[in-house]
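In what follows, a single structure is set out as structure tokens and then discussed.
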Ligand code: 16G
Ligand code: MG
């Protein structure tokens, strides 16, 4: 086909570095930006095929999230705004790694396997973060789309969840909202204002939030959005990208991993603060107390606050809808215990990675999912949305039920259900705290986190570790799980697991116990077991103290 000859010529302008092998990982391709030009062109090709296959608009986001500025990455967004399906992740890996002269064959294989009608129209939405490499890399994506005759729309600088939102709006013919950034701000801010409208006399202090924008796209977008909030939320924006480097000593990942406030921000005791990551799909909250001690409120604390709020509203509304919280093995044991035993909410555990949580959450009427690291959102089934809508419009029910239904309806509208979204999560949390008249300290005391520690171990090949039971148990190498079980027995309220990272060449170790010393000691001992039984390389792990 003539078309294919043309692709061959165009792809030569985006050559693949010899010998480079990359994997479509937990959240797409991610590596040093210098190695990604060919990947971007090819993802433009693949998104076009995916669009032809699904007969819908597909999204491509150029970002490396919380990675350093010099990295970049790309992820594909499926028609309803969710992450691309697993089969196509494999296509992505194959296309990315085909040698230059084999590219057409790889492309044709996918077309054949998926029985794609090449005369079908294709539409691709493209977005990018603020990295200096993002401009030329997103151009390479656009080149790939046009090489296969697809139409594209370049949204330019947007957060990852904004691009997911656009794709969903487009494919639902505007039912989800208008597919513009303006439409995004209007939808979510209006819902926020509706939610907080009857909260009794919030003071300026209660309306105030200190935000760390990680020097990234989230900061730009919050600035654009501010006027829509009509001073109902007053944000002091720090790390807005005007001076500091992206994700450098700031952002959600830094705060969560270092368990300390970001630089570039002055926190007064008790003040409510939050941090976004580099593409604004993650958020964590925190404050320092009067003694200067730092307190982190992570994804588990958010899931608890949100699910408690929703469960109360469902009860008040008299709606019999099944609510569940989806977590990963990293969820603090205290949060799981509180949810199951005090809140009596169903809790499910899945493998790490947003897509896994998202899929499990879809099984419920109301599925609240959060990773401890701050990725998360809430999904409402179609039936649940309809029941809530009906009740909100029913003038025959009593005031209490109707009020709860109206609050639920606005809550649905403040949530970006396509994917975890720092901006939308922030508005939701702010609204709940306002409605409940709750301070961040009061939120924090709902339950007390068990002390925990995360470590990394370098091994020759991390694939020797295979896990089961949502990554909570290691199946291989032989003897490792027994060793972990025996170590855990030595401590109180202890739990530990190991898993190969999906984003770094390391094995991750998690441990929690009744004291920080015990959690640290257990994490160290488990690291040693990994090092010895799973082919550790370099120096043996050293104790933390
Ligand atoms: C990616 C995932 C995140 C997960 C993390 C685990 C998305 C959008 N992001 O960042 O959910 O927590 O990987 O990394 O799915 P790890 O496998 O290196 O521990
Ligand atoms: Mg991110």
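Numbering (our numbering), first residue to last: 8 to 552. Every residue gets a Cβ at the ideal spot worked out from N, C-alpha and C, and that includes glycine.
- Short note on residue 138: C-beta not closer than 7 Å to any heavy atom of the ligand MG.
- For residue 428, the shortest separation between its Cβ and any heavy atom of the ligand MG does not lie below 7 Å.
- In this structure residue 170 does not touch residue 81 by the C-beta definition: roughly 11 Å separates them, more than the 8 Å allowed.
- Cβ neighbours of residue 104 within its own chain (closer than 6 Å, five residues either side excluded): 28.
- Closest option to residue 395, judged by alpha-carbon separation, among 321, 375, 461: 321.
- Residue 237 is classed as exposed because its beta carbon has fewer than 16 other beta carbons within 10 Å across all chains shown.
- Checking the 7 Å criterion, the Cβ of residue 286 is within range of a heavy atom belonging to the ligand MG.
- The Cβ atoms of residue 144 and residue 43 lie closer than 8 Å to each other.
- The Cβ-Cβ distance between residue 149 and residue 102 does not fall below 8 Å.
- Residue 110 carries a helical assignment under DSSP once its states are collapsed to helix, strand and coil.
- For residue 86, there is no enclosing alpha helix (DSSP H), since its DSSP letter is neither H nor E.
- As computed with DSSP, residue 507 is found in a beta bridge with 514.
- The bridge partners DSSP lists for residue 191 come to none.
- Ranked by Cα distance from residue 314, the options 486, 106, 374, 419 are led by 374.
- Distance from the Cα of residue 440 is smallest, within the candidate group 49, 203, 87, for 203.
- For the 8 Å CB-CB criterion, residue 367 and residue 359 do not form a contact.
- Taking one beta carbon from each stretch, the segment 127-134 and the segment 49-63 have 3 or more pairs nearer than 8 Å; the two touch.
- With 16 or more other Cβ atoms inside 10 Å of its own Cβ, residue 18 counts as buried.
- About 27 Å separates the Cβ atoms of residue 430 and residue 152, ruling out a contact at the 8 Å cut-off.
- Here the alpha carbon of residue 15 sits roughly 19 Å from the alpha carbon of residue 57.
- As the crow flies, the alpha-carbon of residue 283 is around 14 Å from that of residue 165.
- Taking C-beta separations shorter than 8 Å and ignoring five residues to either side along the sequence, the partners of residue 480 in its chain run 474, 488, 504, following chain order.
- Collapsing the DSSP output to three states places residue 322 in a helix.
- Distance from the CA of residue 312 to the CA of residue 107, rounded to the nearest whole angstrom, comes to 51 Å.
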